[in-house]
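Colleague: Just so you know, the sequence shown maps onto residues 1 to 912 in UniProt numbering. By construction, the Cβ of each residue, glycine as well, lies at the ideal position given by its N, Cα and C atoms. The model shown is predicted, which means the values in this text are computed figures rather than measured ones.
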Amino acid sequence: MSEKSVGVQEVTRSLADILQEKGIPISFQYGKAPEEMVDREVKREPTPRAKKLRDLYFNTYSSVDLEFPYWYTRKYMELDNEVPIVRRALALKHAFSHLTPSIYPGELLVMGKAHYYRGSFPMPWLSESFYVAKEDELYQEALKRGSASSGELSKFGSGGGNVTKSFGNVVSIAGKFGIRSEEVPALIKLAKQWVGKSVEDLGHKYEMMVPEYELKEKLMRSLICMFDSGFTLPQGREVINYYYPLQYGFDGLIEICKQRKAEVAGKADGDGITGMDRLYYYDAVIHVIEGLQTWILNYAKEARRLAGITEDAVQKREYEEIAETLEWIAHYQPRTFREALQLTYTLHIAVLNEDAISGMSPGRLGQVLWPWYEQDTEAGRLTKEKTLELLECHRVKFTCIDCFASTGVVGGVLSGNTFNNLSMGGLTKDGDPASNDLEKLILESAMSLQSPQPTLSVLYDEKLPEDFLLKAIECVKTGTGYPAWMNNQIGIQFLLSQYGPEGMTLPEARAIAIGGCLETSPCTWHPLTLNGKKYWIPGGAGQPTSVGVHFIANPKILECVLFNGYDHRLKEQIFPPHNRKLETYEELWEVYKQYYEMAVDALCKCNNIQHDIWRKNNMTVINSFLKPDCLEKGRHIGQLGYRYNATFNVESCGTINMVNSLAALKKLVYEDKKYTLDQMREAILENFGFKTAHEVGSFSLFSQVKKVGGEKYDKIHSDCLLANKYGNDDPYVDGILREYEDWFCAMCHKFESLYGKPLYACQISVSTHGPQGAATLATPDGRLAGTTYADGSMSAYPGTDRNGPYALFNSATVWDHAKSQNSQMNLKIHPSAVKGIEGSRKLLELTRAYMRRGAFHIQYNIVDSKILKDAQAHPENYRDLLIRVAGFTQYWVELGKQIQDEVIARTEYEEV
Numbered sequence: 001m002s003e004k005s006v007g008v009q010e011v012t013r014s015l016a017d018i019l020q021e022k023g024i025p026i027s028f029q030y031g032k033a034p035e036e037m038v039d040r041e042v043k044r045e046p047t048p049r050a051k052k053l054r055d056l057y058f059n060t061y062s063s064v065d066l067e068f069p070y071w072y073t074r075k076y077m078e079l080d081n082e083v084p085i086v087r088r089a090l091a092l093k094h095a096f097s098h099l100t101p102s103i104y105p106g107e108l109l110v111m112g113k114a115h116y117y118r119g120s121f122p123m124p125w126l127s128e129s130f131y132v133a134k135e136d137e138l139y140q141e142a143l144k145r146g147s148a149s150s151g152e153l154s155k156f157g158s159g160g161g162n163v164t165k166s167f168g169n170v171v172s173i174a175g176k177f178g179i180r181s182e183e184v185p186a187l188i189k190l191a192k193q194w195v196g197k198s199v200e201d202l203g204h205k206y207e208m209m210v211p212e213y214e215l216k217e218k219l220m221r222s223l224i225c226m227f228d229s230g231f232t233l234p235q236g237r238e239v240i241n242y243y244y245p246l247q248y249g250f251d252g253l254i255e256i257c258k259q260r261k262a263e264v265a266g267k268a269d270g271d272g273i274t275g276m277d278r279l280y281y282y283d284a285v286i287h288v289i290e291g292l293q294t295w296i297l298n299y300a301k302e303a304r305r306l307a308g309i310t311e312d313a314v315q316k317r318e319y320e321e322i323a324e325t326l327e328w329i330a331h332y333q334p335r336t337f338r339e340a341l342q343l344t345y346t347l348h349i350a351v352l353n354e355d356a357i358s359g360m361s362p363g364r365l366g367q368v369l370w371p372w373y374e375q376d377t378e379a380g381r382l383t384k385e386k387t388l389e390l391l392e393c394h395r396v397k398f399t400c401i402d403c404f405a406s407t408g409v410v411g412g413v414l415s416g417n418t419f420n421n422l423s424m425g426g427l428t429k430d431g432d433p434a435s436n437d438l439e440k441l442i443l444e445s446a447m448s449l450q451s452p453q454p455t456l457s458v459l460y461d462e463k464l465p466e467d468f469l470l471k472a473i474e475c476v477k478t479g480t481g482y483p484a485w486m487n488n489q490i491g492i493q494f495l496l497s498q499y500g501p502e503g504m505t506l507p508e509a510r511a512i513a514i515g516g517c518l519e520t521s522p523c524t525w526h527p528l529t530l531n532g533k534k535y536w537i538p539g540g541a542g543q544p545t546s547v548g549v550h551f552i553a554n555p556k557i558l559e560c561v562l563f564n565g566y567d568h569r570l571k572e573q574i575f576p577p578h579n580r581k582l583e584t585y586e587e588l589w590e591v592y593k594q595y596y597e598m599a600v601d602a603l604c605k606c607n608n609i610q611h612d613i614w615r616k617n618n619m620t621v622i623n624s625f626l627k628p629d630c631l632e633k634g635r636h637i638g639q640l641g642y643r644y645n646a647t648f649n650v651e652s653c654g655t656i657n658m659v660n661s662l663a664a665l666k667k668l669v670y671e672d673k674k675y676t677l678d679q680m681r682e683a684i685l686e687n688f689g690f691k692t693a694h695e696v697g698s699f700s701l702f703s704q705v706k707k708v709g710g711e712k713y714d715k716i717h718s719d720c721l722l723a724n725k726y727g728n729d730d731p732y733v734d735g736i737l738r739e740y741e742d743w744f745c746a747m748c749h750k751f752e753s754l755y756g757k758p759l760y761a762c763q764i765s766v767s768t769h770g771p772q773g774a775a776t777l778a779t780p781d782g783r784l785a786g787t788t789y790a791d792g793s794m795s796a797y798p799g800t801d802r803n804g805p806y807a808l809f810n811s812a813t814v815w816d817h818a819k820s821q822n823s824q825m826n827l828k829i830h831p832s833a834v835k836g837i838e839g840s841r842k843l844l845e846l847t848r849a850y851m852r853r854g855a856f857h858i859q860y861n862i863v864d865s866k867i868l869k870d871a872q873a874h875p876e877n878y879r880d881l882l883i884r885v886a887g888f889t890q891y892w893v894e895l896g897k898q899i900q901d902e903v904i905a906r907t908e909y910e911e912v
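#1: What did DSSP end up calling residue 579 once you bin it into helix, strand or coil?
#2: Taking the alpha-carbon of residue 860 as reference, which of 379, 211, 172, 886 has the nearest alpha-carbon?
#3: If you compare alpha carbons, which of 210, 187, 216, 29 is closest to residue 552?
#4: Any contact of the region 640 to 660 with the region 758 to 778, i.e. 3+ C-beta pairs under 8 Å?
#5: In chain order, what residues of the same chain lie with their CB nearer than 8 Å to the CB of residue 25, ignoring the 5 residues before and after it?
#6: Can you tell which of 608, 609, 288 has its C-alpha closest to the C-alpha of residue 623?
#7: Quick check on DSSP: helix, strand or coil for residue 543?
#8: Given that a residue counts as buried once 16 or more other Cβ atoms are within 10 Å of its Cβ, and exposed if not, what is residue 797?
#9: Which residues bound the beta strand (DSSP E) around residue 803?
#10: Residues in its own chain within less than 8 Å of residue 535 by CB, not counting five upstream and five downstream?
#11: Quick one: give me the first and last residue of the alpha helix (DSSP H) that residue 623 is part of.
#12: Under the rule that 16 or more other beta-carbon atoms within 10 Å means buried, what is residue 258, buried or exposed?
#13: Let me confirm a value: residue 309 is counted as buried when at least 16 other C-beta atoms fall within 10 Å, else exposed. Which label applies?
#14: Going by DSSP, what residues sit across from residue 826 in a beta bridge?
#15: Work out the CA separation of residue 286 and residue 89 for me, nearest whole Å.
#16: Give the DSSP bridge partners of residue 360, in chain order.
#17: So, for residue 83: in the same chain, excluding its five sequence neighbours on each side, which residues have a beta-carbon less than 6 Å away from its beta-carbon?
#18: Tell me the residue span of the alpha helix (DSSP H) that contains residue 319.
#19: Alpha carbon to alpha carbon, what distance is there between residue 13 and residue 707?
#20: In its own chain, which residues sit with a C-beta less than 7 Å from the C-beta of residue 155, not counting the 5 before and 5 after it?
#21: Give the DSSP-derived three-state secondary structure of residue 752 in the structure shown.
#22: Hey, out of 352, 729, 202, 784, whose CA is closest to residue 713's CA?
#23: Out of 125, 139, 174, point me to the one whose CA is closest to residue 201's CA.
#24: What does the Cβ neighbour count give for residue 317, buried or exposed, with the cut at 16 atoms within 10 Å?
#25: Considering only C-alpha positions, which residue in the set 718, 697, 702 is nearest to residue 684?
#26: Identify which residue in 417, 604, 679, 85 has its Cα closest to the Cα of residue 453.
#27: Specify, as a first and last residue, the run of the beta strand (DSSP E) that residue 486 falls within.
#28: Going by other Cβ atoms of all chains shown within 10 Å of its Cβ, with 16 needed for buried, is residue 196 buried or exposed?
#29: Going by DSSP in three states, residue 630 sits in which element: helix, strand or coil?
#30: Going along the chain, which residues of its own chain have a beta-carbon closer than 6 Å to the beta-carbon of residue 765, five neighbours each way excluded?
#31: Taking the alpha-carbon positions, what's the residue 28 to residue 894 distance?
#32: Using the Cβ count rule (16 or more neighbours within 10 Å means buried), how would you classify residue 392?
#33: Quick check on residue 511: buried or exposed, where buried means 16 or more other Cβ atoms within 10 Å of its Cβ?
#34: Give the DSSP-derived three-state secondary structure of residue 257 in the structure shown.
#35: What span of residues does the beta strand (DSSP E) with residue 61 cover, start to end?
#36: Does residue 821 pass the burial test, meaning 16 or more other C-beta atoms within 10 Å, or should it be called exposed?
In structure tokens:
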């Protein structure tokens, strides 16, 4: 090798090597762990039945099914002369009635979004432009001769069930779903029928009338904002309510609607706006329920058919039991735990088929189903073993749920996850501990049948019994990342503050549950009577929280401040030039706030229009009859039928990179005057002497390398990296975080949703820290261009929390977490640090310590980083490896590399 080539190799060192030399490695380890690779301590095996069903999932790809959109579109287009909400209901009824039932051997719980085991479908009435824009590409893929063999396809395991590229007779859509090539023309034809009629197209037509529309479009292009929620995911990240069908049955609900319809027909009752609409609402609900009954009974017929042709006596009986269960719940209140479990799952799928939804959460399901579990076990009809098997099957069914959306949403935001959050613990209506034996079995099922869905959350309260908390800790030690821990009292404080003006009381606030990742959701209690015994069960009572202003990239806002509103990546002026010299830190901070509010204002106005079009043209019928007080009022969600409607939020991402960057600027530029702001700008534009992530071809920390001649910026980069960092109990940088949080949480309240309710702060990242980081230049904290932000909102940037978890906790709790809908903290802990019962107690005490400081949320990855690195190198050996990303758990092989690298790079705590 020549001297020249050796020199070049020396200059183009990797970021990882450079940081290692500086004593600040990317993969920082706090404490000392064994040299050998250590597996997770707690392991369980699922029942044979559940294992077989999960293995079927592992061998199934995400598939597109066109049945529902075909039948929906066909009926909808026939009904031009119908009242809008009745037209919508009849289209839904038609679609549900024509879904082909699919029942798989061994299933105890049945039904699904589509007839594929792992299937979903597009909703062009919401958004069709993606398919139309991709028409040529999809047709070209469909026409290609398939060349991939099954052997070659097996290598595709690195993506799990994601169809990231076309193969054989399968065309990839959105980098996740597969559709048969012969169905592509039908998909395009369906999409074209909705051109100019979809929520997206109409919303776009009218949002263009907003004076700030051009700014909104620029914010979207620059990825300062991640996506429009009005037509992308108009519902979700909320808690469903199963009460009415569980109490009255579908036949009973139809009778209630018929009675109410007769009572209100032709009456305005003093309301000249929605009073008359009640007639149409009740008529729509009846139609939809009839469609759901047909759907359920079609599955019952299929179960009877299978029973008639099956020779195996055991399987034959199981098909008959499925039929009996479905035939009953299609009409009446469930009699048994199994019937109640099947009905709640069926209702869940029904809501997901009504709209494009992510984060529809079952809430405190263990308390909802407690009446049936208690009575079945007391009567000897149900054993713990059978309950566990049913709950394992329930987990498989939830994991099979897919959400169909564009690549940017499915990959960039959701990472393929659907965020069905099951909450446990908390308090009863009267303030007593609410945990029960069924919730312990839910934890057991999550340990034995490890899967992404439903994710679990413990509503931590000081009143909860020790044995329940230790059972939850045991589940955490499986390494799945759940349950996450939410501070029940902080959540209650937030609910009373946000929904007190709408009438929420303390007893009702105690019905709290988590919707989606970490969204504190308004709920209520209902009196349920079963066999003469009265219970109080919780359920959702509020609008979706998936709506509002979504995922503002805090570091990207700061970038625009530094460069006078200009985006150097796009080479476009985003914000109006501020033309300020930024001679003081206070001036910089003032412009930052001005740009931020400018962004929220534009995005809020446009989103309000999109969501207004959605509520007018795509009314929610199913979810509205499930939640209070729509049936009582005769109004759907868009007419403020729900009890609580102040659920719109402003979501932020990259908070810690922004705070660390402000700290570096304040110290290095404004106080110590070590560098001028122009020198800092130059270093940022030059990426501190490194190649850009685009040049490297990877947005991961571990892949970044120096460019030839880049040593000019070594000193400023080193100083930025070594500047004060959040997570170390440092008053200097923590004070900046406190000032930001106080301002941000108050600022959100300045803006109103289309319902005239104040917005609030929501601080999670989901997977947006990957793509938004990819769109951001280098930042003054030393982060390189294109690399991933810190996850969540309270997690430290990888490798920068160097003084132990309690120092991190002190930094994270310098502000009042009850001012925000949530906050998010991830910790990665080596399995050896929490080994055995003593380790479990240490982990529980660690959790308590954070909660007692006033924090809202914490979750753990109990994993050896060496396992993650091996899984990245040999994904074929780790199909079932689960990892916690942000507010969700996902299969390792279904995550993008930049997110994998970010998880690997997180500080690993080897002592707690």
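Modeller: The relevant details are as follows:
#1: Looking at residue 579 - three-state DSSP - the assignment turns out to be coil, as it is neither helix nor strand.
#2: Here the closest residue by C-alpha is 886.
#3: Comparing Cα positions, the closest option is 216.
#4: A contact exists between the region 640 to 660 and the region 758 to 778.
#5: Same-chain partners within the cutoff: 16, 19, 799.
#6: Of 608, 609, 288, the residue nearest in Cα terms is 288.
#7: Looking at residue 543 - three-state DSSP - the assignment turns out to be coil, as it is neither helix nor strand.
#8: Buried, by the Cβ-count rule.
#9: For residue 803, no beta strand (DSSP E) segment is defined, and its DSSP state is neither H nor E.
#10: Correct list, in chain order: 370, 371, 527, 528, 529.
#11: Residues 622 to 626.
#12: Exposed, by the Cβ-count rule.
#13: It is exposed - the Cβ of residue 309 has fewer than 16 other Cβ atoms within 10 Å.
#14: Bridge partners of residue 826: 859.
#15: Cα to Cα, the separation comes out at about 9 Å.
#16: Within the DSSP secondary-structure output, residue 360 pairs in a beta bridge with 238.
#17: Within its own chain, the residues whose Cβ lies closer than 6 Å to the Cβ of residue 83, once the five positions on either side in sequence are excluded, are 280, listed in chain order.
#18: Residue range 313 to 329 is occupied by the alpha helix (DSSP H) that includes residue 319.
#19: Going by the C-alpha atoms only, they are around 8 Å apart.
#20: Residue confidence for residue 155 is low, a pLDDT of 25 falling below 50, so the modelled location carries little weight; the figure read from the coordinates is stated next. None.
#21: In the three-state reduction of the DSSP assignment, residue 752 falls in the strand class.
#22: With distances taken between Cα atoms, residue 713 lies closest to 784.
#23: Taking each of 125, 139, 174 in turn and checking the Cα distance to residue 201, the smallest one comes out for 125.
#24: Around the Cβ of residue 317, a 10 Å sphere holds fewer than 16 other Cβ atoms; the residue is exposed.
#25: Proximity to residue 684 across 718, 697, 702 peaks at 718, based on C-alpha coordinates.
#26: Closest option to residue 453, Cα to Cα, is 417.
#27: If you look at residue 486, you'll find it in the beta strand (DSSP E) that goes 484 to 487.
#28: In summary, residue 196 is exposed, with fewer than 16 beta-carbon neighbours lying within 10 Å of its beta-carbon over all protein chains present.
#29: For residue 630, the three-state secondary structure derived from DSSP is helix.
#30: Only 653, 791, 792, 886 meet the Cβ criterion.
#31: Residue 28 and residue 894: Cα-Cα distance of roughly 25 Å.
#32: In this structure residue 392 is buried. Its beta-carbon is surrounded by 16 or more other beta-carbon atoms within 10 angstroms.
#33: The residue in question, residue 511, is buried, as its Cβ has 16 or more Cβ neighbours within 10 Å.
#34: Of the three classes helix, strand and coil, the one that applies to residue 257 here is helix, per DSSP.
#35: Secondary structure note for residue 61: it is in no beta strand (DSSP E), with a DSSP letter that is neither H nor E.
#36: Flag for residue 821 reads buried.
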